[in-house]
Amino acid sequence: MSATYRGAERKKQDAYQTPAWCVDMLLAELDLRSNPIRFLEPCRGRGAIYDRVPATIKGWCEIDDGRDYLDIPIKPGRFDLIITNPPYSLALPFLKKSLGEGRTVIYLLRVNFLGSSERAAFWQANP
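Add 526 to a position in the sequence shown, counting from 1, and you land on the number used in this note's numbering.
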(Lines of atoms letter the chains of each structure in order from A and count residues from 1; the text may use other names and numbers.)
(Lines give C-alpha, C1' and ligand atoms only; values in the text may rest on other atoms or scores of the structure.)
Protein backbone atom coordinates (compact mmCIF):
# COMPACT_ATOMS: atom_id res chain seq x y z
CA MET A 1 0.00 0.00 0.00
CA SER A 2 1.24 3.50 -0.68
CA ALA A 3 1.53 6.36 1.73
CA THR A 4 -1.60 7.94 0.26
CA TYR A 5 -2.49 9.75 3.44
CA ARG A 6 0.96 11.33 3.96
CA GLY A 7 0.55 14.66 5.72
CA ALA A 8 -3.08 14.00 6.59
CA GLU A 9 -4.39 13.51 10.08
CA ARG A 10 -4.04 9.91 11.26
CA LYS A 11 -7.22 7.93 11.69
CA LYS A 12 -8.19 6.40 15.03
CA GLN A 13 -6.44 3.02 15.59
CA ASP A 14 -4.81 3.24 12.12
CA ALA A 15 -8.17 2.26 10.60
CA TYR A 16 -7.68 2.60 6.85
CA GLN A 17 -10.15 0.38 5.00
CA THR A 18 -8.84 -1.90 2.25
CA PRO A 19 -10.01 -0.87 -1.25
CA ALA A 20 -12.06 -3.52 -3.08
CA TRP A 21 -9.84 -3.28 -6.18
CA CYS A 22 -6.80 -4.22 -4.09
CA VAL A 23 -8.49 -7.32 -2.67
CA ASP A 24 -9.78 -8.38 -6.09
CA MET A 25 -6.30 -8.11 -7.63
CA LEU A 26 -4.76 -10.11 -4.79
CA LEU A 27 -7.37 -12.88 -4.88
CA ALA A 28 -6.97 -13.21 -8.65
CA GLU A 29 -3.38 -14.33 -8.01
CA LEU A 30 -4.28 -17.05 -5.48
CA ASP A 31 -5.48 -20.58 -6.15
CA LEU A 32 -8.36 -20.93 -3.70
CA ARG A 33 -10.01 -23.93 -5.36
CA SER A 34 -8.71 -26.56 -2.93
CA ASN A 35 -11.33 -26.86 -0.24
CA PRO A 36 -11.77 -26.79 2.61
CA ILE A 37 -9.65 -23.71 3.12
CA ARG A 38 -9.30 -22.53 6.70
CA PHE A 39 -9.06 -18.74 6.47
CA LEU A 40 -8.43 -16.07 9.11
CA GLU A 41 -8.79 -12.30 8.79
CA PRO A 42 -7.15 -10.78 11.92
CA CYS A 43 -8.36 -7.22 11.22
CA ARG A 44 -11.74 -7.66 9.57
CA GLY A 45 -12.75 -4.00 9.61
CA ARG A 46 -15.81 -3.68 7.37
CA GLY A 47 -15.14 -7.03 5.69
CA ALA A 48 -13.39 -5.91 2.49
CA ILE A 49 -11.11 -8.96 2.61
CA TYR A 50 -13.16 -11.34 4.76
CA ASP A 51 -16.31 -11.11 2.64
CA ARG A 52 -14.42 -11.84 -0.62
CA VAL A 53 -12.36 -14.89 0.37
CA PRO A 54 -14.16 -18.07 -0.72
CA ALA A 55 -13.29 -20.34 2.20
CA THR A 56 -15.41 -22.96 3.89
CA ILE A 57 -13.97 -22.31 7.34
CA LYS A 58 -13.56 -18.63 8.18
CA GLY A 59 -12.38 -16.91 11.33
CA TRP A 60 -12.03 -13.24 12.08
CA CYS A 61 -10.95 -10.73 14.67
CA GLU A 62 -11.81 -7.04 14.89
CA ILE A 63 -10.92 -4.93 17.90
CA ASP A 64 -13.95 -2.68 17.35
CA ASP A 65 -16.15 -5.78 17.75
CA GLY A 66 -14.40 -6.92 20.95
CA ARG A 67 -12.09 -9.50 19.35
CA ASP A 68 -8.48 -8.29 19.65
CA TYR A 69 -6.29 -10.57 17.54
CA LEU A 70 -3.26 -10.05 19.75
CA ASP A 71 -5.21 -11.31 22.79
CA ILE A 72 -6.76 -14.43 21.24
CA PRO A 73 -4.74 -17.66 21.51
CA ILE A 74 -4.72 -19.66 18.27
CA LYS A 75 -3.11 -23.06 17.77
CA PRO A 76 0.04 -23.09 15.61
CA GLY A 77 -0.74 -23.95 11.99
CA ARG A 78 -4.50 -23.67 12.56
CA PHE A 79 -5.18 -21.77 9.32
CA ASP A 80 -4.27 -22.44 5.69
CA LEU A 81 -4.49 -18.77 4.76
CA ILE A 82 -4.27 -15.51 6.68
CA ILE A 83 -4.80 -12.23 4.84
CA THR A 84 -5.10 -8.85 6.49
CA ASN A 85 -4.49 -5.12 6.30
CA PRO A 86 -3.32 -4.53 9.88
CA PRO A 87 -2.97 -1.25 11.73
CA TYR A 88 0.48 -0.10 10.63
CA SER A 89 1.52 0.71 14.20
CA LEU A 90 0.86 -2.92 15.21
CA ALA A 91 1.87 -4.65 11.98
CA LEU A 92 5.00 -6.35 13.34
CA PRO A 93 3.35 -7.94 16.41
CA PHE A 94 0.43 -9.05 14.21
CA LEU A 95 2.80 -10.50 11.61
CA LYS A 96 4.90 -12.37 14.17
CA LYS A 97 1.74 -13.96 15.61
CA SER A 98 0.33 -14.87 12.18
CA LEU A 99 3.49 -16.61 11.00
CA GLY A 100 2.94 -19.28 13.64
CA GLU A 101 -0.76 -19.67 12.96
CA GLY A 102 -1.00 -19.83 9.18
CA ARG A 103 0.64 -21.77 6.35
CA THR A 104 0.28 -18.85 3.93
CA VAL A 105 0.34 -15.34 5.38
CA ILE A 106 -0.37 -12.23 3.30
CA TYR A 107 -0.19 -8.75 4.80
CA LEU A 108 -1.10 -5.58 2.94
CA LEU A 109 1.48 -3.03 4.08
CA ARG A 110 3.23 0.02 2.74
CA VAL A 111 6.50 -0.83 0.97
CA ASN A 112 8.54 1.15 3.49
CA PHE A 113 7.62 -1.47 6.10
CA LEU A 114 10.53 -3.46 4.64
CA GLY A 115 13.04 -0.65 5.10
CA SER A 116 13.05 -0.04 8.83
CA SER A 117 16.23 -0.70 10.81
CA GLU A 118 13.90 -1.56 13.71
CA ARG A 119 12.59 -4.54 11.69
CA ALA A 120 15.95 -5.62 10.22
CA ALA A 121 16.42 -8.50 12.69
CA PHE A 122 12.89 -9.74 11.96
CA TRP A 123 13.52 -9.79 8.20
CA GLN A 124 16.84 -11.60 8.64
CA ALA A 125 15.09 -14.29 10.70
CA ASN A 126 12.04 -14.43 8.36
CA PRO A 127 13.17 -13.90 4.77
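For each residue, glycine too, the CB sits at the ideal point set by N, CA and C.
Checklist entry - Which value, in whole angstroms, describes the spacing of the CA atoms of leucine 616 and asparagine 652? => result 17 Å
Checklist entry - Taking one C-beta from the region 584 to 597 and one from the region 609 to 627 each time, how about it: are there three or more such pairs within less than 8 Å? => result yes
Checklist entry - Measuring CB to CB, does glycine 567 end up less than 8 Å from isoleucine 575? => result The amino acid occupying residue 567 in the given sequence is glutamate; glycine does not appear at that position. Their beta carbons are under 8 Å apart, which means glutamate 567 touches isoleucine 575 by this criterion.
Next on the checklist: Alpha carbons only, please: which of Gly641, Ala646 and Val579 is nearest the one belonging to alanine 554?
Outcome noted: Val579
Checklist entry - When the distance is taken between beta carbons, is alanine 581 closer than 8 Å to arginine 564? => result yes
Checklist entry - Secondary structure at tyrosine 595, three-state DSSP: helix, strand or coil? => result helix
Item to check | Contacts around valine 631, its chain only, beta-carbon distance under 7 Å, and the 5 residues preceding and following it disregarded | outcome: Ile608, Ser624 and Leu625
Item to check | Status (buried if at least 16 other CB within 10 Å, exposed otherwise) for valine 637 | outcome: exposed
Checklist entry - Apart from the five residues on each side of it in sequence, which residues of its chain come closer than 6 Å, Cβ to Cβ, to aspartate 664? => result In the structure as shown, the chain begins at 527 and stops at 653. Residue 664 is therefore absent and cannot be evaluated.
Item to check | Identity of the residue in Arg570, Phe648, Gln650 and Gly585 nearest threonine 544 by Cα | outcome: Arg570
Checklist entry - Assuming proline 599 contacts isoleucine 583 under a Cβ cut-off of 8 Å, what Cβ separation, rounded to an integer in Å, is found between them? => result With a Cβ gap of about 18 Å, proline 599 and isoleucine 583 do not count as contacting.
Item to check | Coil, strand or helix - tyrosine 614 by DSSP | outcome: helix
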